[in-house]
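Here is the structure we will look at.
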Amino acid sequence: MIQQSFEQLVESLAAKTPTPGGGAAAALAGCMGTSLFLMVVRFSRGKKANLDRDEDLARVEGVLDGHLRRLLPMADRDCRSFDLVSAAYGMPKDGDEQKALREKAIQEAMVGAMVVPEETLCMVRDVFVAMESVIPCIGKAIVSDLASGASLLLAAAEGAFLNVRINATYLTNRDLADRTMERATSVLTEIRRHQGSIAVSVDKMLS
């Protein structure tokens, strides 16, 4: 997906096909939000006001770049994981044995389709954590980009969480589903806190 033109990407999301869907869109939003964080960190390096923080900014730049590299393939991974779900539902179900094999394949594929957006969700959390220490270094001229990045990352997290939730709903292993949802809910709560803190800071700077 990431090799497509933007026009092709938008058309593929709009197409009447199971994939790409919300999970892939969430991963792409995460990439865009992380990219904006990287941009504001790079613009903040070398500024007179940040001379004593340049080492910190350089470290954060490297960490964010690593997070972006890990987020880039997540849209494709999300598509592949759900393609396995679709393939499992397409398996024959003429007899009891075939029905049992089909159900087993569906459940295994659903676990994979739940795990991938949970990974995206955790990656988004890690981006916010990496950025937290250098937010005071971001100048007023680019705080709108900081806030925009945070908003995109929140959208990514919300979308990823919903994809975890819907796949968890179909699991017959309710213990696994409940434990996954407990983890995902905790991570989403943390992300909302990070984004809210950035929003408040930016609002104060622009008032």
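In our numbering, each residue carries its 1-based index in the sequence shown increased by 1426. All residues carry an ideal CB built from backbone N, CA and C; glycine is no exception.
Given a cut-off of 7 Å on the beta-carbon distance, is the pair S1507 and V1550 in contact? For this step, residue 1507 is matched to residue 81 along the sequence shown. For this step, residue 1550 is matched to residue 124 along the sequence shown. Taking 7 Å as the Cβ cut-off, S1507 and V1550 do not qualify as a contacting pair.
Excluding the 5 residues preceding and the 5 following L1439 in the sequence, name in chain order all residues of the same chain whose CB lies nearer than 7 Å to its CB. Counted from its first residue, the sequence shown places residue 1439 at position 13. P1446 and A1451, listed in sequence order.
Using three-state DSSP, classify A1441 as helix, strand or coil. Within the sequence shown, numbered from 1, the residue matching residue 1441 stands at position 15. In the displayed model, A1441 falls within coil according to three-state DSSP, outside both helix and strand.
Best match in N1593, L1464 and L1602 for proximity to F1554 [C-alpha to C-alpha]: By 1-based counting over the sequence shown, the position of residue 1554 is 128. For F1554, the closest C-alpha among the options N1593, L1464 and L1602 is that of L1464.
Is it true that the CB of C1563 sits closer than 7 Å to the CB of V1613? Counted from its first residue, the sequence shown places residue 1613 at position 187. Counted from its first residue, the sequence shown places residue 1563 at position 137. Against a cut-off of 7 Å, the Cβ pair of C1563 and V1613 comes out as no contact.
Please report how far the alpha carbon of M1517 lies from the alpha carbon of N1599, in whole angstroms. On the sequence shown, position 91 is the one that residue 1517 refers to. On the sequence shown, position 173 is the one that residue 1599 refers to. Each residue's Cα considered, the two are about 21 Å apart.
Less than 7 Å between CB atoms is the rule here; does F1469 satisfy it with respect to chain C? Checking the listed chains, one finds no chain C in this structure; it contains a single protein chain.
Scan the region 1509 to 1595 and note each continuous alpha helix (DSSP H) run of 4 residues or more that stays entirely inside, going in chain order. Listed in chain order, the complete alpha helix (DSSP H) runs (minimum 4 residues) inside the region 1509 to 1595 are 1522 to 1558 and 1569 to 1595.
Could you tell me which uninterrupted alpha helix (DSSP H) segments, each at least 4 residues in length, are contained entirely in the region 1446 to 1471, listed from first to last along the chain? Taking only runs of at least 4 residues, the alpha helix (DSSP H) segments lying wholly in the region 1446 to 1471 are 1448 to 1470.
For I1428, does the three-state DSSP call read helix, strand or coil? Residue 1428 sits at position 2 when you count from the first residue of the sequence shown. Three-state result, I1428: coil.
Please work out which residues of its chain come closer than 7 Å, Cβ to Cβ, to C1457, disregarding the five sequence neighbours upstream and downstream, and give them in chain order. Working through the sequence shown from its first residue, we reach residue 1457 at position 31. Excluding sequence neighbours, C1457 sits near L1494, L1497 and L1498.
Run through DSSP, which three-state label would S1633 get? As a working note, residue 1633 is residue 207 in the sequence shown. S1633: coil per DSSP, three-state reduction.
Pick helix, strand or coil for N1476, following the three-state DSSP scheme. Position 50 of the sequence shown, counted from the first residue, corresponds to residue 1476. Three-state result, N1476: helix.
Taking contact to mean at least 3 C-beta pairs separated by less than 8 Å, is the region 1604 to 1613 in contact with the region 1582 to 1594? Yes: the two stretches touch, three or more of their Cβ pairs being nearer than 8 Å.
Residue nearest to Y1515 in terms of C-alpha spacing, selected from H1620, T1443, E1523 and Q1533: On the sequence shown, position 89 is the one that residue 1515 refers to. Selected option, being the one with the closest Cα: Q1533.
Within 7 Å, strictly: CB atoms of G1459 and L1579: Sequence index remark: in the sequence shown, residue 1459 carries index 33 (1-based). Sequence index remark: in the sequence shown, residue 1579 carries index 153 (1-based). Contact annotation: G1459 and L1579 have beta-carbon atoms nearer than 7 Å.
Enumerate in chain order the residues of its own chain whose CB-to-CB distance from M1500 is below 6 Å, with the five nearest sequence positions on each side excluded. One-based indexing of the sequence shown puts residue 1500 at position 74. Within the same chain, and ignoring the five residues on either side of M1500 in sequence, the residues whose Cβ sits closer than 6 Å to its Cβ are A1453 and T1546.
Does the distance from the C-beta atom of V1560 to that of D1482 stay below 7 Å? Locating residue 1560 in the sequence shown gives position 134, where the first residue counts as 1. Locating residue 1482 in the sequence shown gives position 56, where the first residue counts as 1. Against a cut-off of 7 Å, the Cβ pair of D1482 and V1560 comes out as a contact.
Quick check on this structure: which residue in V1569, E1616 and E1487 has the alpha carbon closest to the alpha carbon of G1472? For the purposes of this step, residue 1472 is taken as residue 46 along the sequence shown, with counting starting at 1. If we check each option's Cα against that of G1472, E1487 comes out closest.
Going by the beta-carbon positions, is the gap between I1575 and L1462 smaller than 7 Å? Position 149 of the sequence shown, counted from the first residue, corresponds to residue 1575. Position 36 of the sequence shown, counted from the first residue, corresponds to residue 1462. The residue you asked about is not Ile; residue 1575 is Gly in the sequence shown. At the C-beta level, G1575 and L1462 come within 7 Å of one another.
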